[in-house]
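Input: a single structure, listed below in structure tokens.
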Amino acid sequence: MPALLPADGRLLVVGAGLAALRLCQEVRRLGFVGEVVVLGREPHRPYDRPPLSKHVLLPGPGDAPGPSPAGSVSDLAADGTGLDDLGVDVRTGTRALALDPLARRVTTTTGTTGTTGTTGTGTTGEERYDALVVASGAEPVLLRGDGPQHAVRTWEDAVALRARLVPGARVVVVGAGWIGAEVATAALAHGADVTCLEAGPAPAWAAVGEAVARRVLTPLWRDVRLRTGTRVDRVVDEGVLLADGALVPADVVVVGVGVRPTVGWLRGSGVPLGAGVLVDEHLRSGADGVLAVGDAAERWSPRWRRRLRAEHWEEASTGPAVAARVLLDGPEGTPAHDPVPYVWSDQHGARVQLVGLPADDAGVVWREHVDGSPTATWLSRDGRLLAVLTVDRPREAAQARRAVGRAPDRATLADPATPLHRA
43 MPALLPADGR
53 LLVVGAGLAA
63 LRLCQEVRRL
73 GFVGEVVVLG
83 REPHRPYDRP
93 PLSKHVLLPG
103 PGDAPGPSPA
113 GSVSDLAADG
123 TGLDDLGVDV
133 RTGTRALALD
143 PLARRVTTTT
153 GTTGTTGTTG
163 TGTTGEERYD
173 ALVVASGAEP
183 VLLRGDGPQH
193 AVRTWEDAVA
203 LRARLVPGAR
213 VVVVGAGWIG
223 AEVATAALAH
233 GADVTCLEAG
243 PAPAWAAVGE
253 AVARRVLTPL
263 WRDVRLRTGT
273 RVDRVVDEGV
283 LLADGALVPA
293 DVVVVGVGVR
303 PTVGWLRGSG
313 VPLGAGVLVD
323 EHLRSGADGV
333 LAVGDAAERW
343 SPRWRRRLRA
353 EHWEEASTGP
363 AVAARVLLDG
373 PEGTPAHDPV
383 PYVWSDQHGA
393 RVQLVGLPAD
403 DAGVVWREHV
413 DGSPTATWLS
423 RDGRLLAVLT
433 VDRPREAAQA
443 RRAVGRAPDR
453 ATLADPATPL
463 HRA
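For the sequence shown, our numbering begins at 43 and goes up steadily by one.
Below, the structure is given as structure tokens:
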């Protein structure tokens, strides 16, 4: 199959995050000399998002609890060669409105777009392309209600929230997943009083299952008023109104209940959509010349025999290398993009690392360490290692990335003295 992008063609990338930067770096590295245009909704060039909740919200060295300068978004600039050095035309503050794949054009509008919507009076235009890569990312899911609520997705989100984290503030975090845990950690560091409302039975239970979450993650929340099995109705001016009618008073409400891929602009275009853009293992959609990477993609995984939305930093960092080769060389001979999923979270003074993809019907094998901190591993019915969850064991997490997919001896797997990749 021939390349999707002519050597002197025009590549259009919708989205200006890490995935877009990596894609531009890769196509230039592979020798593409044509025009590259990047459309970004935010007013910034690409930057890393993990530090927003892991560092920007926290007090810096020597800072007293409470609001303090959070630095600059340039401090989070993604590493490597910049877009200017690559000869890329970056259009910040520009949002895609619609796609016409037959005419190979995207309708756009200008104006800065953030969590709360688009600001400024924009003008519409059109961008034509020979190949299009959808890297438009995702937006936080917000709660019903007219009361103020914060999410952590952009630089502006993080700076606005940090200014509200002051000693004694009543902070209510909705959702005890990875982001919720990191926000709660930061709020505690600023001296706030923190309550977390979680609809499920334990923190991050949807990712690791109830039993593992209760044993490994729940103890980390000891300094937070954690209320599980609690359903929220809406956010009001006084705080959070629960489904049973009770009010949880709050000065600050932070929502961490997930994200939604920013693909609404593709509806009606013929590009296949599920939760995100449906793509194959080479990140190709069903529309000619259209690929998707990062949070916007819902890709087929031969490894797991299902579609995945891997909404994490490594997905945005590694997928573009495959997309670039498919664009310039075609899919023949290009390895599938099918990495072992990996997510890490710095929460409550600990580093939590999840490697692989736990399954509901998998058996859990515990590695009981002498310090009382267990590592959870999941084995499939046919004996393959599916996933590993560690707390403050970076070496073991690194071993897990080599071990997932193998068929270890069960007894050896349970022995913490045996490296995971040798079990």
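In this text, a Cβ means the ideal position worked out from N, Cα and C, and glycines have one as well. Note that the structure is a prediction, hence the values are computed from the model and not measured.
| Check | Outcome |
| --- | --- |
| By DSSP, does ARG52 sit in helix, in strand, or in coil? | strand |
| Quick check on SER110: does DSSP put it in helix, strand or coil? | Confidence at SER110 is low in this model, with a pLDDT of 49, below 50, so the placement of that residue should be treated as unreliable; the coordinate-derived value is given next. It is coil, neither helix nor strand. |
| In chain order, which beta strand (DSSP E) runs of at least 3 residues are fully inside the stretch 59 to 140? | 77 to 81, 131 to 133 |
| In three-state DSSP terms, what is THR360? | helix |
| Tell me the rounded alpha-carbon separation between GLU356 and VAL335. | 11 Å |
| Note down the Cα distance separating TRP247 from VAL216, rounded to an integer number of angstroms. | 14 Å |
| How far does the beta strand (DSSP E) with ASP199 in it reach, from first residue to last? | Run containing ASP199: none in the beta strand (DSSP E); it sits in the alpha helix (DSSP H), 197 to 204. |
| Taking the runs of the beta strand (DSSP E) that are 3 residues or longer, which of them lie wholly in the stretch 314 to 350? | 319 to 321, 332 to 334, 339 to 343, 348 to 350 |
| Here's a check: name, in chain order, each residue in its chain whose Cβ is nearer than 6 Å to the Cβ of THR69, leaving out the five neighbours to either side. | In the sequence as presented, Thr is not what sits at residue 69; that position holds Val. Closer than 6 Å at the Cβ level, and outside the excluded window around VAL69, lie ALA366. |
| Rounded to whole angstroms, what's the CA-CA distance from ALA440 to ALA253? Just pull it up for me. | 24 Å |
| Using the rule of at least 16 other Cβ atoms within 10 Å of the residue's Cβ for burial, across every protein chain shown, is PRO44 buried or exposed? | exposed |
| In the DSSP output, which residue or residues are listed as bridge partners for GLU181? | ARG302 |
| Using three-state DSSP, classify LEU283 as helix, strand or coil. | strand |
| Does the stretch 369 to 387 come into contact with the stretch 65 to 84, if we say contact requires no fewer than three beta-carbon pairs (one atom in each stretch) closer than 8 Å? | yes |
| Return the Cβ separation of THR272 and ALA234 in integer angstroms, given the expectation that the two are a contact with Cβ distance under 8 Å. | Not a contact, Cβ separation roughly 19 Å. |
| With which residues is THR152 paired in a DSSP beta bridge? | THR136 |
| With a cut-off of 8 Å on the beta carbons, I'd call ALA223 and HIS390 a contact; round off their distance for me. | 7 Å |
| Provide the residue(s) that pair with HIS192 in DSSP beta bridges, ordered along the chain. | VAL296 |
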